[in-house]
Amino acid sequence: MKIFRSISMVILLLTGCSNNEKQLIKEADKIHASILTVDTHCDTPMEFSDPTFDLGVKHDDGCVDFPRMVEGGLHAEFFAVFTGQGQRNDSTYNKVHRKALDIFEAIHKNIEKNSSIAEIATTADDALRLKKAGKIAAFIGIENGYPIGKDLSRIRQYYDLDARYITLCHTRNNDICDSSSDPAGPENNGLSSFGVEVVKEMNRLGIMIDISHISDKSFSDVIRLTKAPVIASHSSCRALCGSPRNLTDDMLLALKENGGVIQICILSNYLKTPEPNPEMEAKLKELKEKYGDYNALPDDTKKLMRTEYRAIQKRYEKLATVKDVVDHIDHVVQVIGADCVGIGTDFDGGGGVDGCKTVAEMKNITIEMLRRGYSKKDITKIWGGNIMRVLRKVEEIADTPEPGT
């Protein structure tokens with residue numbers, strides 16, 4: 021009899037857990053159907069150099085396409101115009117500028133090809149209108165201000181091509197500011213004098229300033245100078261993971277004072293301090309020796325290198341989890357509140373964790389927030405309300421002249 025009771029108790033517990041999980045999934049589905057969900061950073065346009073790549077088709081490789089966005093309940097995506105850092109002279113500035121223009125064109129073509137299910141968005145109102153119409157909102161951001169070179173007029177050109185944020189730098193210093201990860205260390209002591217003009221011009225035009233990747237001193241310079249709230253499009257919390265790419269609690273407090281938002285990056289190395297992984301390190305070293313500098317490769321060879329890199333990741337990387345993602349959301353909420361945090365996956369640029377490896381699994385983040393007691397009101401803010409609030413404020417502060425003036 022005791023054995024029977026014990027077995028019955030186990031069955032009841034398992035059934036209760038199963039029913040509770042089903043209820044969480046059902047609640048997450050309801051929430052995603054009724055709110056606007058936004059991811060502020062994916063690097064999927066790197067795939068667009070292949071003219072056959074179609075966002076409207078579900079892919080076995082990579083992380084982002086429209087069918088999987090629908091599956092995961094994601095309504096808006098910021099597609100990154102990413103250019104890796106090269107030499108800094110007039111010749112390379114012109115070359116990388118042309119490269120950026122090619123990426124803009126490829127993004128527009130891919131969206132136009134799928135105009136029945138997606139449209140380019142440039143405003144918060146666009147995102148809401150498209151959500152209501154059952155369409156995906158495709159925003160554009162620029163990752164790395166490097167293609168600006170030293171030509172301020174290019175910022176207006178990128179604005180006219182629908183860029184609505186610019187990450188000031190990437191993994192190396194540029195003529196705008198210092199990076200958080202340049203092996204050579206700082207060279208501008210934060211923002212350069214040209215960087216000051218870039219910030220002012222972005223404020224004037226209504227382009228969100230993205231402080232992901234920039235150094236702590238660059239961050240403090242931007243916060244002091246900007247008239248508009250800023251974003252960290254794909255960063256996490258340094259208190260939980262010591263990467264210099266992440267924001268300290270003091271930086272979070274400054275971000276709150278500014279009215280900005282940190283979009284939690286779901287790349288494992290920014291969520292958990294990596295454990296020693298000699299097998300993966302050896303394979304990545306072999307990959308680097310095989311191909312050399314990624315940024316110097318032609319597009320078709322870059323694609324081969326990315327494919328091999330993903331295979332190494334899949335086999336060897338010890339991924340963080342959805343719980344780790346929500347730990348970072350929790351931390352931001354505890355330090356500065358639920359009005360200042362969102363989600364920026366870095367999908368197709370290294371992002372992806374156990375439980376959320378592609379956009380098809382985005383609801384798992386919502387399920388974990390529900391499991392921890394987050395209200396629908398706060399989930400609405402985190403999934404899109406906060407970033408749209410910032411975009412609206414940036415739009416309000418802008419003093420954009422009409423085209424041609």
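When the sequence shown is numbered by my numbering, its final residue is 425 and no position is left out of the sequence of numbers.
We treat Cβ as the ideally placed atom computed from N, Cα and C, and that holds for glycine.
One thing to note: S199 has its Cβ within 8 Å of the Cβ of T191. The count of Cβ pairs closer than 8 Å, one atom from the segment 365 to 382 and one from the segment 259 to 269, stays below three, leaving the stretches out of contact. Looking at the DSSP output, L150 shares a beta bridge with no other residue.
According to DSSP, residue pairing for E163 in a beta bridge involves F102 and T187. Around the beta-carbon of V77, fewer than 16 other beta-carbon atoms lie within 10 Å, marking it exposed. Among the bridge pairs identified by DSSP, L211 is matched with C197. Bounds of the beta strand (DSSP E) holding Q283 are V281 to I284. The residue among D320, T246, L275 and S212 with its C-alpha nearest the C-alpha of N193 is S212.
Note on G357: under 16 other CB atoms within 10 angstroms of its CB, so exposed under the neighbour-count rule. Taking a C-beta distance under 8 Å as the contact criterion, A158 and E132 do not qualify as a contact pair.
As DSSP reads the structure, I251 sits in a beta bridge with D230 and V281. A straight-line Cα-Cα distance of about 20 Å links L245 and S173.
Across the structure, A274 and I243 are spaced so that their CA atoms are roughly 7 Å apart. DSSP places E299 inside the alpha helix (DSSP H), whose first and last residues are P298 to Y311.
For R88, same chain residues with a beta-carbon under 7 Å away, outside a window of 5 residues either side, are K78, T378, V379 and A380 in chain order. Taking the C-beta atoms as reference points, T386 is found no nearer than 8 Å to I407.
Here the segment 80 to 97 makes no contact with the segment 116 to 123; the two share fewer than three CB pairs at distances below 8 Å. Straight-line spacing of the CA atoms in A331 and M325 works out to 10 Å. For H117, the enclosing alpha helix (DSSP H) begins and ends at D110 to K133. For T57 against G280, the beta-carbon gap comes to about 20 Å, at or over 8 Å, which does not count as contact. The C-beta separation of L291 from V216 comes to about 33 Å, leaving the pair out of contact by the 8 Å criterion.
Closest in C-alpha terms to S288, from the list A340, K413 and R149, comes A340. For D236, there is no enclosing beta strand (DSSP E); the residue is part of the alpha helix (DSSP H) that begins and ends at D236 to L245. For G92, the uninterrupted alpha helix (DSSP H) run begins and ends at F86 to G92, by DSSP. Cβ-Cβ distances below 6 Å link S232 to T187, A252, S253, H254 and S255 in the same chain, with the five nearest sequence neighbours on each side left out; the list follows chain order. As a beta-bridge residue in DSSP terms, A138 pairs with I156. Here G364 is not bridged, per DSSP, to any residue. Scanning its chain for C-beta atoms nearer than 6 Å, with the 5 sequence neighbours on each side dropped, one finds around A96 the residues V58, A147 and A157, in chain order. DSSP, reduced to helix, strand and coil, places E217 within a helical segment of the structure shown. Non-local C-beta neighbours of E91 in its own chain, meaning closer than 8 Å and more than five positions away in sequence, comprise V379 and A380, ordered along the chain.
Taking 8 Å as the cut-off, the beta carbon of C376 is found closer than this to the beta carbon of V345. Residue pairing by DSSP places E416 in no beta bridge whatsoever. By the neighbour-count definition (other C-beta atoms within 10 Å, threshold 16), E295 is an exposed residue.
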